[in-house]
Amino acid sequence: MVEVSIVQFTPGWNAKQQNLQRIKALLGYIKTDIIVLPEFCTTGYSFLTKEEALNEGEPSSGETVEFFSTLATELQAMIIAGFAEKDGGMAYNSALIALPGGQVKVYRKTHLFYKEKLCFEAGNSGFFVVDHPLKDCRVGVMVCNDWRYPEAARSLALMGADIIACPSNLVSTLWGVAMPARALENKVYLAIANRCGTEKRFLEYGTEQSLTFNGGSVIYDFNGSPLTQAGKEEDGILTVSIDPLLTRDKSFNPYNDLFKDRRPDLYKLNQELK
Ligand code: ACM
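Under our numbering, the first residue of the sequence shown is numbered 1, with each subsequent residue one higher.
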């Protein structure tokens, strides 16, 4: 069995040191195997320009990655956390995957949402699956708005993911309709760590942008049923035990297999748009 934990809290905008301290305090000496934190959990979400993204962004050898890498080794857990990444002159909305022992991989969000497109480059890492070094468990990562593109979760499942971790900053509640389907249609567990709280930024001409994030962090089983779910507003950590081996047989009756029944020769996923 594998223990999976999702962390829900309210990162402050432009308050990296406080956010790192909050994360450290929340995680304490938790004993678990996989920890998922929200998207942009060290910086807050409300970037408005490329300059801001590059100013706040850090290389994959920076303080944030170092912090989570040390924590992953201390806690003997795999940690997945969203952060603003800078690579040369480009900024990405990324999720780090820190393994106990010091190895770190970085997924760059494929499908940017709303004004993220003004600030970040669309991710170019592609999808990949990471083996947990201490457990028989394969972990895929997607970030928030990737949920709207079923190809993301499907790609990860076809690559062998048993569980998909999804650092998120979700502002609507629509995802609650589709995320369980991502788990069910791929027969994978799905762990969504969302943030809560409201972020305000003052814009030009006396206007302001206010975004409220809806919490509701959740872990779905491979039939799309919630195993645990947080409320809208409270900070905290939820942990469940999962059996990754149960996701590997994709049959759901003696005649049907989710993957073997696929008909890729008939699908038109690379179709030119009309
Ligand atoms: C989102 O992708 N942060 C909604």
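Beta carbons: idealized from backbone N, C-alpha and C, even for Gly.
- For the ligand ACM, no non-hydrogen atom lies closer than 7 Å to the CB of E121.
- For D162, the three-state secondary structure derived from DSSP is coil.
- Remark: C-beta atoms of L170 and F213 approach each other more closely than 8 Å.
- Note on geometry: alpha-carbon atoms of K200 and E52 lie some 15 Å from one another.
- Under DSSP, G140 takes part in a beta bridge, and its partners are V129, I164.
- A residue is called buried once 16 or more other Cβ atoms fall within 10 Å of its Cβ, and L75 is buried on that count.
- About 3 Å separates the CB atoms of G140 and A161; that is less than 8 Å, so the two are in contact.
- Positions of the beta strand (DSSP E) runs, each at least 3 residues long and wholly inside the stretch 14-48, are given as 34-36 in order along the chain.
- Taking every residue with its beta carbon within less than 6 Å of a heavy atom belonging to the ligand ACM gives, in chain order, E39, F113, C144, N145, N169, L170, V171.
- In this structure, S217 sits near A193, with a CB-CB distance shorter than 8 Å.
- By DSSP's assignment, R108 forms a beta bridge with S94.
- Between the stretch 61-74 and the stretch 90-110 there are three or more inter-stretch CB-CB distances shorter than 8 Å, so the stretches are counted as touching.
- Out of V130, R108, Q103, the CA that lies nearest to the CA of S61 is found in Q103.
- Where K50 is concerned, the enclosing alpha helix (DSSP H) starts and stops at 50-56.
- D221 has its alpha-carbon roughly 43 Å from the corresponding atom of T207.
- By the neighbour-count criterion, in which 16 or more other beta carbons inside 10 Å mark a residue as buried, S210 falls on the exposed side.
- By the Cβ-count criterion, Y205 is exposed, with fewer than 16 other Cβ atoms from all chains shown falling within 10 Å of its own Cβ.
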